[in-house]
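As structure tokens, the structure follows; a few thoughts come after it.
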Amino acid sequence: MWLMPLLEWFSFFLGTTILTLRIVALYSGHTYVVRFIYCFLCLTWMGTLVAIFHTVHAATQTIKYSNFLHTCATTGRSPAIAWVFITPAIYEFTLFALTLVRAVRDARSKIITTDKRTPFLFIIYRDGFYYFGAIFGVHVWNAYLCATQPMAGVFMGIHFAWGLMSVMTCRIYLNLVQAANRGTETDFVSNIAISTHLGFKTHGTRGTKDRMAVGQGRQGGSVPLTTLNGSTTFGSVAPNRQRSNNPYL
Numbered sequence: 003m004w005l006m007p008l009l010e011w012f013s014f015f016l017g018t019t020i021l022t023l024r025i026v027a028l029y030s031g032h033t034y035v036v037r038f039i040y041c042f043l044c045l046t047w048m049g050t051l052v053a054i055f056h057t058v059h060a061a062t063q064t065i066k067y068s069n070f071l072h073t074c075a076t077t078g079r080s081p082a083i084a085w086v087f088i089t090p091a092i093y094e095f096t097l098f099a100l101t102l103v104r105a106v107r108d109a110r111s112k113i114i115t116t117d118k119r120t121p122f123l124f125i126i127y128r129d130g131f132y133y134f135g136a137i138f139g140v141h142v143w144n145a146y147l148c149a150t151q152p153m154a155g156v157f158m159g160i161h162f163a164w165g166l167m168s169v170m171t172c173r174i175y176l177n178l179v180q181a182a183n184r185g186t187e188t189d190f191v192s193n194i195a196i197s198t199h200l201g202f203k204t205h206g207t208r209g210t211k212d213r214m215a216v217g218q219g220r221q222g223g224s225v226p227l228t229t230l231n232g233s234t235t236f237g238s239v240a241p242n243r244q245r246s247n248n249p250y251l
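The opening position of the sequence shown corresponds to residue 3 in the working numbering, with each subsequent residue numbered one higher.
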């Protein structure tokens, strides 16, 4: 009976910690804010763990076995059971407030405009708001069930919240990875396009022939090649046996 609640707590804590890093990244230049976030994270989730221990302990005191259903059931109810979801809701609301303040400031400074110009910030803000709306709503719903419903209805939303937390965490992570890969592919394709458009140029020993496109040399051999960043390397130029159709060569 102790294993499942502890696994759920660890899963929630791990997912929340991962998503807290996005807020830490937004406030990386504010040391006191970052320290407050980490301290508040530990404080709220330690309080949640204490509430879980108190709830499970109260449930184990009145556990009984039903011969008719062939299962165990409990009628014990801890007054701290609602705080299992209230403290994470308070923490999520705090992170949402910090995110909202930063988003408004970036929008006024025109730092964040579209998802193409600032993809990482756009994803952090957009998915962060989606995550808050889903997780905060589930925490409030579970806290309401724990405070008003009988024990049979308390566990109705716990596993739903567990699954939703996993889905939303993976969503934000995968969207950030996709944005990073998209940016890498865009840079690579852009470099290829620029290289194809400009071509590599060689410098001869005479001033009148200091610009000769690669592939138009009449004799093979090693000639200096100037790359796009200005550095000079030596490469081999093959004899011009067949004229290329490329207008840039």
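The C-beta atom is built at its ideal place from N, Cα and C for all residues, glycine as well.
For clarity, every value in this text was computed on a predicted model and none was experimentally measured.
Given this structure, state the Cα-to-Cα distance separating Phe134 from Met153, to the nearest angstrom. 27 Å
Length of the line joining the Cα atoms of Ile113 and Arg184: 20 Å
With distances taken between CB atoms, is the gap from Asp108 to Ile174 smaller than 7 Å? no
Nearest-angstrom Cα distance between Trp47 and Met167? Whole-angstrom Cα-Cα distance: 15 Å.
Which two residues bound the contiguous beta strand (DSSP E) that contains Ala75? Element bounds for Ala75: 73 to 76.
Quick one: what's got a C-beta closer than 7 Å to Lys211's C-beta in the same chain, skipping five residues either side? Bear in mind that a pLDDT of 42 at Lys211, under 50, signals an unreliable position, so the number given afterwards is only what the model happens to contain. So the list is empty, once near-sequence residues are dropped.
Are there 16 or more other CB atoms within 10 angstroms of the CB of Gly159, so buried, or fewer, so exposed? buried
Taking only three categories from DSSP, how would you classify Ile83? coil
Rounded separation between Ile126 and Cys74 - CA only: 44 Å
How is the alpha helix (DSSP H) around Ser13 delimited, first residue to last? 5 to 28
Sorted by chain position, which residues of the same chain lie with C-beta nearer than 7 Å to Ala149's C-beta, five sequence neighbours on each side aside? Ala84
Look up Ile65 in the DSSP assignment and say whether it is helix, strand or coil. strand
Go ahead and pull the three-state DSSP assignment for Gly130. helix
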